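Peer 1: This is the structure I want to talk about, given as structure tokens.
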Amino acid sequence: MAGNRGVVYVEPGKVEVRHIDFPELKDPSGRKANHGVILRVVSTNICGSDQHMVRGRTTAPAGLVLGHEITGEVVEVGADVTTLQKGDLVSVPFNVACGRCPMCKAQNTGVCLTVNTARPGGAYGYVDMGGWIGGQAEYVMVPYADFNLLKFPDRDQAMAKIRDLTCLSDILPTGYHGAVTAGVGPGTVVYVAGAGPVGMAAAASARLLGAAVTIVGDVNKARLAHARAVGFETVDLSEDASLGEQIAAIVAVPEVDCSIDCVGFEARGHGHSGSQLEAPATVLNSLMEITKVAGRVGIPGLYVTDDPGGVDAAAKQGSLSVRLGLGWAKSHSFFTGQTPVMKYNQQLMQAILWDRINIAEVVNVNVISLDDAPQGYAAFDSGVSKKFVIDPHGLIQRAA
Ligand SMILES: NC(=O)c1ccc[n+]([C@@H]2O[C@H](COP(=O)([O-])OP(=O)(O)OC[C@H]3O[C@@H](n4cnc5c(N)ncnc54)[C@H](O)[C@@H]3O)[C@@H](O)[C@H]2O)c1
Ligand SMILES: [Zn+2]
Ligand SMILES: [Zn+2]
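Read the sequence shown against this note's numbering and you will find it ends at 569, with the numbers running on by one and no gaps.
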């Protein structure tokens with residue numbers, strides 16, 4: 170049997186590349202999974218969601234094999250798989266979904282009812298998401314493959330755009346979902362909180378959806394400089410001028426039509442001194458201030474139920490001081506949760522293949538080897554404006 174190596178969470182601040190088992194067509198309970206396939210991983214990305222675990226901000230256990238953003242080549246096909254063959258190049262939605270339960274049938278694949286015994290929703294390599302083994306590895310198993318996988322129409326065409334297509338497993342559909350749920354459309358004024366990869370994907374999605382102007386905010390000057398370089402307006406929340414004042418300096422009023430939280434629970438406060446400290450409700454509260462009445466707030470940024478590193482006892486249980494009264498008074502709508510990737514990935518794939526979106530450039534894709542994954546994690550954690558993509562077999566380098 171071939172070997173396998175993967176990125177393993179060791180302790181807060183530490184991941185290691187280790188030998189791990191070659192995947193089997195079995196689910197986490199050990200039951201045979203003839204509906205699955207085994208993939209040779211072509212690309213697998215490091216995500217801000219992984220960082221929450223690696224920073225020790227979740228209850229992720231040591232030894233967890235990381236990786237939920239996976240693109241790969243089918244190398245083994247389960248007996249019950251009907252639409253896929255060895256050699257197919259596929260994008261894997263980060264959600265593990267069965268395709269059979271009422272939520273999957275309604276396209277709510279982020280909260281599949283059967284793939285996780287602890288709560289609705291499954292994912293690869295993620296705490297509390299069902300125990301599915303992660304794909305920051307050479308090989309990975311994907312269950313319910315007919316349902317879950319998006320096959321690229323042409324292998325050579327796909328390899329030529331692989332740096333963009335690798336974003337289909339999570340961040341591009343996630344940014345897009347944030348924009349769609351926030352009501353972005355032709356001529357809208359949009360604010361995106363967070364200039365990380367998800368925020369940049371949301372900004373690119375807003376542009377694709379026809380936004381008149383997209384303003385990206387962060388406390389990280391390097392990331393803001395990159396956002397400007399790829400064509401967005403920016404606001405710097407480490408400055409003392411308020412978010413509303415900075416928005417007014419761009420669009421003449423302290424208000425936007427649509428807003429998207431691409432930060433989540435590890436949010437910094439605003440202002441020169443505030444931005445030095447974590448203040449987890451900052452983004453949600455500031456979005457209620459600047460979103461017009463009856464507006465919609467997309468919230469792909471992650472909020473957890475348990476946070477060992479929370480700023481106070483309430484935050485340790487995911488309870489934040491959210492000023493809901495303000496949002497209620499303004500008739501705001503809020504959209505939360507894991508992105509149902511499958512709702513969007515087919516169309517976004519076509520948008521990439523037909524050059525309607527330059528996502529790799531916007532998120533600044535940086536390809537690294539599997540052995541360099543620990544350095545990739547450390548660099549991403551330091552806040553560089555890059556999206557790290559692991560190339561475990563050197564296939565991307567060879568295709569370039
Ligand atoms: N809903 C989903 O399905 C889904 C999918 C992928 C990622 N996520 C989540 O999306 C979030 C963003 O992911 P990422 O990979 O871009 O992470 P990231 O950590 O690289 O980016 C977050 C950015 O937010 C900035 N920030 C901090 N406080 C801020 C504030 N008050 N205002 C504006 N910006 C602020 C940080 O400086 C950082 O640049 C994470 O919480 C991640 O877990 C959710
Ligand atoms: Zn992700
Ligand atoms: Zn399901």
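Quick reminder that beta carbons are idealized off the backbone N, C-alpha and C, glycines included. A quick note: this is a predicted structure, and the numbers were derived from the prediction, not measured.
(1) Is Leu412 buried or exposed, if buried means 16 or more other CB atoms sit within 10 Å of its CB?
(2) Taking only runs of the alpha helix (DSSP H) that begin and end inside the segment 197–259, which ones reach a length of at least 4 residues, in chain order?
(3) Bridge partners for His395 per DSSP, in chain order?
(4) Quick one, which of Gly303, Thr383 and Ile416 has its alpha-carbon nearest Gly344's?
(5) Quick one: Cα of Leu235 to Cα of Ala421, how far?
(6) Within the continuous alpha helix (DSSP H) that includes Val452, where are the two ends?
(7) Is it buried or exposed for Thr451, if we count other Cβ within 10 angstroms and need 16 for buried?
(8) Considering Cα atoms alone, identify which of Val510, Lys485, Arg465 and Arg492 is closest to Tyr472.
(9) Ligand 2 and Cys270: does the residue's C-beta get closer than 8 angstroms to at least one heavy atom of that ligand?
(10) How would you call Pro192, buried or exposed, if buried means at least 16 neighbouring beta carbons within 10 angstroms?
(11) Using 8 angstroms as the cut-off, classify the Cβ of Ile340 as near or not near the heavy atoms of ligand 1, replying yes or no.
(12) To test your reading of the DSSP string, which unbroken beta strand (DSSP E) runs of 3 or more residues are found completely within the segment 347–414?
(13) Suppose contacts are defined by Cβ-Cβ distances below 9 angstroms. Is Ala542 in contact with Gln305 by that definition?
(14) Are three or more beta carbon pairs between the segment 319–338 and the segment 521–532 nearer than 8 angstroms?
(15) Would you mind working out which of Glu435, Arg492 and Thr350 sits nearest Val478, comparing C-alpha positions?
(16) Is Cys431 helix, strand or coil when you go by DSSP?
(17) Report whether the distance from the Cβ of Cys427 to the nearest heavy atom of ligand 1 is below 8 angstroms.
(18) If I follow the unbroken beta strand (DSSP E) through Lys183, where does it start and stop?
(19) Just the Cα atoms here: how many angstroms apart are Gln566 and Val462?
(20) Any idea if Gln507 is buried or exposed, counting beta-carbon neighbours within 10 angstroms, 16 or more meaning buried?
(21) Beta-carbon within less than 6 angstroms of Val536's beta-carbon, same chain only, minus the 5 sequence neighbours each way: which residues are those?
(22) Considering only their Cβ atoms, is the gap separating Val358 from Ser374 smaller than 9 angstroms?
(23) Val491 and Thr460 - do their beta-carbons sit closer together than 9 angstroms?
(24) Compute the Euclidean distance between the alpha carbons of Ala394 and Cys273, then round it to the nearest angstrom.
(25) Select from His237, Tyr308, Gln516 and Phe316 the residue whose C-alpha is nearest the C-alpha of Asp249.
(26) For the segment 458–489, list the alpha helix (DSSP H) runs that are entirely contained and at least 4 residues long, ordered along the chain.
(27) Would you report the Cα separation of Leu194 and Leu258, rounded to the nearest angstrom?
(28) Over the uninterrupted alpha helix (DSSP H) stretch that includes Val176, give me the two end residues.
(29) Using three-state DSSP, classify Leu539 as helix, strand or coil.
(30) Is there at least one non-hydrogen atom of ligand 2 closer than 8 angstroms to the beta-carbon of Thr357?
(31) Using the C-alpha atoms, what's the distance from Ala229 back to Ala483?
(32) Based on Cα-Cα distance, which residue from Gln516, Cys270 and Leu233 lies nearest to Gly300?
(33) Strictly by DSSP, which residues pair up with Trp301?
(34) Output the distance between the C-alpha atoms of Asp430 and Ala171, rounded to the nearest integer angstrom.
(35) Out of curiosity, what's the CA-to-CA distance linking Thr505 and Ala275?
(36) Excluding sequence positions up to five away, which residues of its chain have a Cβ less than 6 angstroms from the Cβ of Ala202?
Peer 2: So, to answer that:
(1) buried
(2) 217–223
(3) Per the DSSP secondary-structure output, His395 pairs with nothing in a beta bridge.
(4) Ranking Gly303, Thr383 and Ile416 by CA distance to the CA of Gly344 puts Thr383 first.
(5) Roughly 45 angstroms separates the two Cα atoms.
(6) Thr451 to Ile459
(7) buried
(8) Closest by alpha carbon: Lys485.
(9) No, Cβ of Cys270 sits at least 8 angstroms from all heavy atoms of ligand 2.
(10) buried
(11) yes
(12) 358–362, 382–387 and 402–405
(13) yes
(14) yes
(15) For clarity, residue 478 is Gly in the given sequence; the question names Val instead. That would be Glu435, whose Cα lies nearest to the Cα of Gly478.
(16) Correct three-state label for Cys431: coil.
(17) no
(18) Lys183 to His188
(19) 49 angstroms
(20) It is buried - the Cβ of Gln507 has at least 16 other Cβ atoms within 10 Å.
(21) Val558, Asp560 and Ile565
(22) no
(23) no
(24) 40 angstroms
(25) Phe316
(26) Runs of the alpha helix (DSSP H) inside the segment 458–489: 482–485.
(27) Rounded to the nearest whole angstrom, the C-alpha separation of Leu194 and Leu258 is 19 angstroms.
(28) No alpha helix (DSSP H) holds Val176; the beta strand (DSSP E) holding it covers Arg174 to Glu180.
(29) coil
(30) no
(31) 20 angstroms
(32) Leu233
(33) Tyr293
(34) 42 angstroms
(35) 17 angstroms
(36) Leu194, Lys195, Asp196 and Pro312
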